[in-house]
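Notes follow once the structure below has been shown.
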Amino acid sequence: MLKICAGIKLIVIAGSASPRLSARVARELECELIKPVVKRFPDGEFYVRIEAELRGEHVVVVQSTCSPQNDNLIELCFLIGAARDLGAKRVTSFVPYLAYARQDKRFKAGEAVSVSTVCKLIEAAGATDFVTIDVHHDEVMRNFSIPAYSLTAMPLLGQHLNKLKLRDPVVLGADKGSIDRAKRVSLEMGAEHDYLEKKRISPRNVVVKPKRLNVLNRDVVIVDDIISTGGTIIEAVRMLKRQKARRIYAACTHPVLVGKALQKIKIAGVKNIISTDTIEHPVSRVSVAPLITDVL
Numbered sequence: 004m005l006k007i008c009a010g011i012k013l014i015v016i017a018g019s020a021s022p023r024l025s026a027r028v029a030r031e032l033e034c035e036l037i038k039p040v041v042k043r044f045p046d047g048e049f050y051v052r053i054e055a056e057l058r059g060e061h062v063v064v065v066q067s068t069c070s071p072q073n074d075n076l077i078e079l080c081f082l083i084g085a086a087r088d089l090g091a092k093r094v095t096s097f098v099p100y101l102a103y104a105r106q107d108k109r110f111k112a113g114e115a116v117s118v119s120t121v122c123k124l125i126e127a128a129g130a131t132d133f134v135t136i137d138v139h140h141d142e143v144m145r146n147f148s149i150p151a152y153s154l155t156a157m158p159l160l161g162q163h164l165n166k167l168k169l170r171d172p173v174v175l176g177a178d179k180g181s182i183d184r185a186k187r188v189s190l191e192m193g194a195e196h197d198y199l200e201k202k203r204i205s206p207r208n209v210v211v212k213p214k215r216l217n218v219l220n221r222d223v224v225i226v227d228d229i230i231s232t233g234g235t236i237i238e239a240v241r242m243l244k245r246q247k248a249r250r251i252y253a254a255c256t257h258p259v260l261v262g263k264a265l266q267k268i269k270i271a272g273v274k275n276i277i278s279t280d281t282i283e284h285p286v287s288r289v290s291v292a293p294l295i296t297d298v299l
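Add 3 to the 1-based position in the sequence shown for the working numbering, that's all there is to it.
Next up, the structure:
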């Protein structure tokens, strides 16, 4: 992990996409928080200025690359570059939500492997180490030649859910790929876990149900790393209601929630959506700030 060197001051720089999380990280690390000047020129270009003495210090730049992804990514790179230009000895790039992480493969000839370029941009800007939370695929970290870590917020989500005193809860991964996430959440709750399996009955009829567990009269938590359009959650909720689940919750690390996704999920019958502050949203009830101490 990334040990703090003795005698080096730790400073948190707050990116404009993550103001509240930056303040929480600074409190967690018991260090100074600096809010840079970020504005636009008349032609739309960014202006970034860090008004602080950083020479020889260890800087943590906290900036999520959620929507607008490109603006937040450029700001992140400018902040990293400015910190290095000011003489920071180390610049840890803490990017809670990493944009383009789902574009990690070339599915068709000629496609850009977008996340690979994003990682190279962050490194080229001057980051000496990189930290993110629940990256979509762990293989993304291999794009870095600097130390790079993907931490998980699933235990934190489980601890929060455990306080809700759910009735005979079962934690379901949104698909087979989310079974490990469901397991980590369920361990904190002392609950059973499973994953949602899709079975195609006919070309137009697909059944979604837990692989092995019965949800009758039980509180259910559907877990995923990202909730974007909400389509997977909505489809699952309809089927779980037919199976007489008691109350249904959704939990995720990254509340992307595009368009009217939140409204649609609630209309479908989800009692509550619980997410973290990797993207600062009204449903962000769990902070990932404590995780930064795991690597610093």
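Every residue gets a Cβ at the ideal spot worked out from N, C-alpha and C, and that includes glycine.
Residues of its chain near residue i, where Cβ-Cβ distance is below 7 Å and the 5 sequence neighbours each way are ignored
i, result
"H163", "I277, R288, V289"
"N275", "Y252"
"C80", "L124, I125, A128"
"I182", "G176, Y198"
"K214", "D197, Y198, E200"
"L313", "Only positions 4 to 299 of the chain appear in the structure, and residue 313 is not among them; the question remains open."
"L243", "V218, V223, I251"
"E31", "A292, P293, I295, T296"
Local Cβ density within 10 Å of residue i, reported as buried at 16 or more and exposed below that
i, result
"N73", "exposed"
"A112", "exposed"
"P285", "exposed"
"Y100", "buried"
"G18", "buried"
"V261", "exposed"
"R27", "buried"
"P172", "buried"
Proximal residues to residue i (C-beta, below 6 Å), its chain only, five neighbours per side dropped
i, result
"T155", "D137"
"M157", "R184, R187, V188"
"K179", "Y198"
Distance CB(residue i)-CB(residue j) smaller than 8 Å
i, j, result
"M192", "N217", "no"
"L160", "G176", "no"
"V116", "T68", "no"
"V65", "V15", "yes"
"I37", "A55", "yes"
"T235", "A264", "no"
CB contact check: residue i to chain C, cutoff 8 Å
i, result
"T235", "Absent from the structure is chain C; it holds one protein chain and no more."
Residue interval of the alpha helix (DSSP H) (run including residue i)
i, result
"A185", "182-192"
"L310", "Given that the chain is displayed from residue 4 to residue 299, the structure contains no residue 310 and the question cannot be resolved."
"E31", "22-32"
"S119", "117-128"
Whole-number beta carbon distance between residue j and residue i, since they are thought to touch under 8 Å
i, j, result
"A333", "L24", "Residue 333 is absent from the structure shown; the chain starts at 4 and stops at 299."
"I237", "A271", "4 Å"
"V224", "A254", "6 Å"
Bounding residues of the beta strand (DSSP E) (the contiguous stretch that carries residue i)
i, result
"L163", "This sequence places His at residue 163; Leu is not what is there. Element bounds for H163: not the beta strand (DSSP E) but the alpha helix (DSSP H), 157-165."
Residues of its chain near residue i, where Cβ-Cβ distance is below 8 Å and the 5 sequence neighbours each way are ignored
i, result
"R221", "R170, D171, P172, V173, A248, R249"
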